[in-house]
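One structure is given here, and the rest of the page talks about it.
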Amino acid sequence: MENNKLKKGLILSALFIGPLLFYLFLSLGIYHHANLPILTEKVEDVEGTVTFKNHFSVVSFLGKSKKINKGGLFNLNEVIYKRYRKSLYFQSVLISPKGTEAQVDSLKKKLKSYTDIENWKFVFMEDDKIKKLFTSLDAPYTLKDDLSSDYVFIVDRELRLRGRKDDEDTEDGRLYGYNINAVSDLKNKMKKDLEIIYYQLKKSLEKEKRNKRKI
Numbered sequence: 000m001e002n003n004k005l006k007k008g009l010i011l012s013a014l015f016i017g018p019l020l021f022y023l024f025l026s027l028g029i030y031h032h033a034n035l036p037i038l039t040e041k042v043e044d045v046e047g048t049v050t051f052k053n054h055f056s057v058v059s060f061l062g063k064s065k066k067i068n069k070g071g072l073f074n075l076n077e078v079i080y081k082r083y084r085k086s087l088y089f090q091s092v093l094i095s096p097k098g099t100e101a102q103v104d105s106l107k108k109k110l111k112s113y114t115d116i117e118n119w120k121f122v123f124m125e126d127d128k129i130k131k132l133f134t135s136l137d138a139p140y141t142l143k144d145d146l147s148s149d150y151v152f153i154v155d156r157e158l159r160l161r162g163r164k165d166d167e168d169t170e171d172g173r174l175y176g177y178n179i180n181a182v183s184d185l186k187n188k189m190k191k192d193l194e195i196i197y198y199q200l201k202k203s204l205e206k207e208k209r210n211k212r213k214i
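Under numbering that gives the first Met the number 0, read the sequence shown as residues 0 to 214, first letter to last.
Following this line, the structure appears as structure tokens:
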């Protein structure tokens with residue numbers, strides 16, 4: 000008799016505690032995945048009519064070589080740009096040294112043949128300012144001699160570099176940028192990280208709406 004009561008008590012406890020633990024597990028998981036870490040606080044802004052401020056920017060460095068990495072940009076377009084080009088605050092910023100306007104114009108024509116380049120923002124800067132901007136990312140990568148990089152970066156609306164602190168493929172777990180030549184890197188990491196940023200934005204906008212209703 001006592002054993003039956005004990006069994007019933009354990010079953011009732013499991014029925015009550017089980018869902019509670021499951022909910023807590025999900026809540027912790029959502030919190031973890033809904034907060035993309037800030038790796039660098041103050042990234043230098045670009046010049047001219049384009050700005051990182053109040054945008055979610057995918058930033059790439061084209062360099063001054065006559066052979067621009069068109070394959071990498073194709074990857075970026077297919078995996079990232081097509082998915083987010085119409086998303087709120089999104090822009091893809093491509094940085095080139097001054098003097099490369101002609102080859103970038105040629106690149107634009109190529110891009111236009113297979114994508115809408117409305118949110119491709121091309122910025123021309125002096126060499127030293129490009130180096131200063133890249134250095135401000137505080138990433139463990141170096142610019143190539145032609146001022147290009149195989150890595151693309153996510154800069155948020157407050158000019159902060161976003162990335163990972165628990166990446167399985169880096170020694171310290173920190174992921175500052177995404178290899179533009181690796182489709183798997185863009186698809187399995189950058190795309191997911193942008194999803195987290197937009198999840199955060201959605202929750203923030205919903206909270207603002209609720210607060211306005213209370214006023």
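Glycine included, C-beta positions come from ideal geometry on N, C-alpha and C.
By the DSSP assignment, the beta strand (DSSP E) with residue i in it spans what residues?
| i | result |
| --- | --- |
| Leu93 | Phe89 to Pro96 |
| Val45 | Here Val45 belongs to no beta strand (DSSP E), and DSSP marks it neither H nor E. |
| Val58 | Phe55 to Phe60 |
Thinking residue i and residue j are a contact (beta carbons under 8 Å), I'd like their distance in whole angstroms, please.
| i | j | result |
| --- | --- | --- |
| Arg161 | Ile37 | 6 Å |
| Ser95 | Phe121 | 7 Å |
| Tyr220 | Leu136 | Summary: the structure shown does not reach residue 220, with the chain confined to residues 0 through 214, and so no result is reported for it. |
Assuming residue i is part of the alpha helix (DSSP H), what are its boundary residues?
| i | result |
| --- | --- |
| Thr134 | Asp126 to Ser135 |
| Val151 | Here Val151 belongs to no alpha helix (DSSP H); instead the beta strand (DSSP E) covers Tyr150 to Val154. |
| Lys111 | Glu100 to Lys111 |
| Leu75 | Lys69 to Leu75 |
Check this for me: beta carbons of residue i and residue j, under 8 Å apart or not?
| i | j | result |
| --- | --- | --- |
| Leu158 | Val42 | yes |
| Gly98 | Lys63 | yes |
| Ile116 | Tyr150 | no |
| Tyr88 | His54 | yes |
| Tyr197 | Ser86 | yes |
| Pro80 | Thr134 | Looking at the sequence itself, residue 80 is Tyr, so the reference to Pro does not match. Taking 8 Å as the Cβ cut-off, Tyr80 and Thr134 do not qualify as a contacting pair. |
| Asp192 | Leu35 | yes |
| Leu146 | Asp126 | yes |
Report the partner residues of residue i according to the DSSP bridge assignment.
| i | result |
| --- | --- |
| Thr39 | Leu160 |
| Phe121 | Leu93 |
| Leu174 | Arg163 |
| Ser147 | Leu61 |
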